[in-house]
Every structure is written in C-alpha cells, then in structure tokens.
Amino acid sequence: MSRNYEGLIILNTKGAEGSVDELVSSVGKELEAEGAKIGGVNQIGRRKFAYESRHLDAGHYVSYSFAAEPAALSKIQARLALNTKVHQHHFQRVA
C-alpha cells in the first residue's frame with residue numbers, strides 16, 4: 015500500500031561541481047531508485063540558517079512530493095544519510 019509523503023531536503027551546494035538543478039535531479043533519482051514515485055519538486059531556494067550547522071551558514075532547500083511504500087522510507091533516509099551533498103532531510107506523511 016503506497017502512501018504519500020513530502021520531504022524537505024537541504025542541499026549543501028558549497029563547492030558543488032555542476033548546477034543546482036543537476037544536484038536536485040540526482041537526489042530525485044536516488045528517491046526513485048528506492049521505489050518512490052515523485053509527484054512534484056519545488057525548489058524553495060537558498061536560505062541562511064539561524065546558526066552555523068556543520069560549518070555551513072546556508073543551504074538550498076528543496077521540497078519533494080512522492081508516493082512510496084512505508085518500508086521504502088527508511089531505505090530512502092539511509093541512502094540520503096550517505097550522500098555528502100544532502101545536509102539535512104525531513105519527511106512527513108501527507109493525508
């Protein structure tokens with residue numbers, strides 16, 4: 015039974031080779047590799063953090079809407095934790 019989720023991902027663009035769009039699409043491909051079906055991608059843009067986090071003062075915020083199995087969500091989180099360009103990620107279930 016597939017469920018709808020929304021994920022807010024903060025990307026580390028510091029020293030990134032290539033464009034931000036390529037980075038956003040590569041993260042989307044990682045979601046799809048774990049079985050997610052992406053419904054929409056909203057690039058919110060670069061925002062400053064309230065405080066420095068892991069030597070970064072800002073990040074590029076991207077919101078992904080997707081459908082996936084509940085078991086796939088933990089696989090997605092584990093995969094994104096290994097990606098050095100993903101600074102933080104948060105997922106919530108959408109009704």
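Going letter by letter, the sequence shown gives residues 15 to 109 in this note's numbering.
Glycine is no exception: its CB is placed at the ideal position from the N, C-alpha and C atoms.
The model shown is predicted, which means the values in this text are computed figures rather than measured ones.
In terms of residue numbering, what span does the alpha helix (DSSP H) encompassing V41 cover? 34 to 47
Item checked: Cβ distance (whole Å) where G21 is taken to contact Y78 below 8 angstroms -> 5 angstroms
According to DSSP, which residues form a beta bridge with V108? DSSP output for V108 lists no bridge partner at all.
| Can you check whether the CB of K28 is closer than 8 angstroms to the CB of L94? | no
- Query: Between F80, A72, H101, which lies nearest to R107 when the distance is taken from Cα to Cα?
  - Reply: F80
Delimiting residues of the beta strand (DSSP E) encompassing K62: 51 to 67
| query | Which of helix, strand or coil does DSSP assign to A72? | reply | strand
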